[in-house]
Each structure stands twice: as structure tokens, then as C-alpha cells.
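Beneath this line is the structure, given in C-alpha cells, with notes to follow.
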Amino acid sequence: MADTNAETSSNRIVITVLGKNRPGILAAITAVLADATVDIRDISQSVVDDIFTMTMIADTEASTLEFTQLQEALAQAGTQIGVEVRTQREEVFNFMYRL
Numbered sequence: 249m250a251d252t253n254a255e256t257s258s259n260r261i262v263i264t265v266l267g268k269n270r271p272g273i274l275a276a277i278t279a280v281l282a283d284a285t286v287d288i289r290d291i292s293q294s295v296v297d298d299i300f301t302m303t304m305i306a307d308t309e310a311s312t313l314e315f316t317q318l319q320e321a322l323a324q325a326g327t328q329i330g331v332e333v334r335t336q337r338e339e340v341f342n343f344m345y346r347l
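Dropping the structure here:
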């Protein structure tokens, strides 16, 4: 029997955003995802002492962009608004941060 969690996980990505808080960060990042037909599954953001942090889990199954193209588009959007955006496949993220 196939492991459906593994299949689902292969389409999931983790996006992290870090930088000085300013209006439009969420809009800029979600616009890239919407244009690429990427489904946001979970999002968490906070601002502490004017430092903006955001973590998103997204599903790329219907994406119109290849993973590396999406990584580049998100990084470029981050550069344009002055924040750092990192995008990783969920399985790579989990491997890197396992206990």
C-alpha cells in the first residue's frame, strides 16, 4: 500500500520570511503564490520589535512553476520589498530540523 502522507508531502513546501516589518510583505509573497497556483495550507506570522517573521506551508501540486522557478520568484519578491525569503521542500526542511 502506498504511503499517501509521503505523496502529499512531496508537493508541500515550507516558506520562511524574515525582515524589518513594513506594509505589503504578506501581499507580495501571497501574490507570487497565487500567480503560480500554489495553495497555502497554513500560515503563521508575528512582529516582535519591528522584526517580521512568517512561516507558510503550501501545496505545489497544481503549480504552474517548477520548484526552482518558484524559489527564485519568491526570493525576488522578497528582495524587492527588503525581506529574506527561503523556500524548501517540506521533506528537506524536516530532515534538516529533525531531533
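Just add 248 to wherever you are in the sequence shown, counting from 1, and you've got our numbering. Virtual Cβ for every residue (Gly too), placed ideally from N, Cα, C.
With distances taken between CA atoms, residue 258 lies nearest to 336 out of 336, 345, 344 and 269.
DSSP links residue 263 through a beta bridge to 304 and 335. Per DSSP, the continuous alpha helix (DSSP H) segment holding residue 280 begins and ends at 273-283. Excluding five sequence positions before and after residue 318, the CB atoms of its chain that fall closer than 6 Å to its own CB belong to 284, given in chain order. In chain order, 284 and 321 place their CB closer than 7 Å to the CB of residue 313, counting only its own chain and leaving out the 5 sequence neighbours on each side.
Residue 329 and residue 271 have their alpha carbons spaced roughly 9 Å apart.
For residue 260, the closest of 309, 344, 343 and 333 by C-alpha to C-alpha distance is 309. Annotated as proximal: residue 273 and residue 300, with beta-carbon spacing under 9 Å.
Separation of the CB atoms of residue 277 and residue 306 is rounded to 10 Å, and the pair is thereby denied contact status at 8 Å.
Secondary structure of residue 340 (DSSP, three-state): helix.
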